[in-house]
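Scroll down for the structure; my scribbles are underneath it.
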Amino acid sequence: MAAPKVVVIGAGVIGASVAYHLARRGARVHCVDRADRPASGTTEVGFATATAYRRFPKSYFELNQAGIAEHAALAGEYAPAPWWHRTGTAAWTDDESFTGYLAQLEEWGCPVERYAAEDSSVVFPASGPVAFLPAEGWIDAVAFTRHLLDQAISYGATLELNAEVTSVSGGVGLADGRRIEADAVVNATGSAADEIGALAGARPFLGEPRRSLIAHLLVDGDPLPCILRAPEVSIRPDGPGRVVLRSDRVDRGLPARSGTPDPEFVKDLLDRAAKVVPLLGTATVRTASVVDARCARDELPSVGPLSAVPGYYEAVASAGVTLGPLFGRALAGRIVDGVGDELVDVFTPDRFGAGGRE
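Sequential numbering from 607 applies to the sequence shown in my numbering.
Right, dumping it as structure tokens:
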């Protein structure tokens, strides 16, 4: 039987992962993106960690744990894998239920250690547990995406940028009038997934935009021993002299628009970070932007075939950096061999309704 021909729409971390695994399995892959470079959307500006922290329900936690393992396996195969930084995560809260949450993590099979707070650059709580999740890490998502696409191309895939998809049926039509015939089309376009899905006759499934202020800082030295999840802010290393910040509490007050944030929100984020890592009080803001991402209405991934639209697949998630490689392997198995994945299949696109053309 001839190898399937597959169009992957989207060249972010999920689309690149899907293209890589499909091409590696022998599929004829054409990856298209309307941007002029790969990883130019949320992949480029997101927080980019491989984590299962605070992921519910259990099925979603297990999915993210499998995603972390997939990253570790790829990093081992392509060692030294400069995009992968397994630093672990130190986490603490001001919530009395935190001890119970840590017990739940251990019950679910997540390795949890008590963090030895020896680094004087970080202000840890005077009382209460500080947990350490040793398997987690951060990722240079742009470098990782480019690596996957380079590998996909080495296996015979085609990458086409500045390619606007205008129709999806038995392949895709492009704005310049060309058609790319295919046996399967994978929608890995993130916040644009409903737009592309409508072209295929799929039902809408995305929820309201989720906005997050992400700040990239320049600092003196390397003040972070690992990823930090504090009550008011999350902080991660980003290479020598660089740090990335975000905060759920800041995000709750953001206005309903993306792009350049108002200065008071940036200051609020920096002030919260400096309480945890005082050195960040003198840091320089390299970039600060409000990321306007959308995920499924139930805030869980949509990955796999949509039964009502033959040959159409979705690969959409808010935790795309963590889950991309796992999605890629699972979809390659589904499309090339017709074999599902027990963890991934729970998050079927069919749960949002049928859709499909009349």
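By construction, the Cβ of each residue, glycine as well, lies at the ideal position given by its N, Cα and C atoms.
Cβ neighbour criterion (16 or more within 10 Å) applied to residue i
i	result
ASP854	exposed
VAL729	exposed
GLY673	buried
ALA722	exposed
VAL696	It should be noted that the sequence gives Ala, not Val, for residue 696. So ALA696 counts as buried.
VAL945	exposed
ALA788	buried
GLY734	exposed
ARG630	buried
THR890	exposed
ALA862	exposed
GLU676	buried
Nearest residue (CA-CA) to residue i, options the options
i	options	result
ILE802	ALA722, ALA763 and ASP639	ASP639
ILE841	ALA862, PRO815 and VAL882	VAL882
TYR626	ASP700, PHE750 and GLY682	PHE750
SER818	SER797, ARG852, ALA799 and ASP826	ARG852
GLU650	ARG858, ASP789 and ALA894	ALA894
GLY939	LEU754, VAL922, GLU668 and SER623	SER623
GLY807	GLY813, VAL942 and ALA799	ALA799
VAL849	VAL612, VAL614 and THR655	THR655
ALA794	GLU920, ALA788 and SER665	GLU920
PHE704	PRO688, PRO837, HIS753 and ALA889	PRO837
ALA633	SER924, VAL839 and LYS611	LYS611
ASP951	ALA960, THR928, ASP782 and LEU912	LEU912
Span separating the alpha-carbon of residue i from that of residue j
i	j	result
VAL909	ASP956	9 Å
ARG692	GLY743	4 Å
GLY652	ALA804	26 Å
VAL736	LEU711	14 Å
LEU906	ALA914	20 Å
ILE833	ALA741	11 Å
ILE745	PRO931	12 Å
VAL897	TRP714	31 Å
PHE953	LEU886	39 Å
PHE871	VAL856	7 Å
ALA608	ILE786	17 Å
ALA617	PRO731	41 Å
ARG816	THR772	26 Å
PHE933	ILE620	7 Å
PRO843	ASP828	8 Å
ASP947	ALA747	25 Å
ALA902	THR648	15 Å
VAL778	ASP642	19 Å
PRO867	ALA899	15 Å
LYS873	ALA681	36 Å
THR888	SER727	13 Å
GLY776	PRO916	9 Å
ALA780	TRP698	In the sequence as presented, Ala is not what sits at residue 780; that position holds Leu. Near 49 Å, if we compare the C-alpha coordinates of TRP698 and LEU780.
ARG720	PHE667	20 Å
SER864	GLY796	15 Å
GLU814	SER760	38 Å
GLU825	THR657	Position check: residue 825 holds Val in this sequence, whereas Glu was assumed. Rounded to whole angstroms, VAL825 to THR657 spans 24 Å at the Cα level.
In DSSP terms, what residue i is bridged to
i	result
ALA617	Partner(s): none; ALA617 has no beta bridge.
TYR918	VAL791
CYS637	VAL614 and LEU765
LEU739	THR695
SER840	ARG835 and ARG852
GLY779	SER773 and ARG785
key: At least 3 beta-carbon pairs within less than 8 Å: the stretch 766–773 vs the stretch 660–668   = No: fewer than three Cβ pairs fall under 8 Å.
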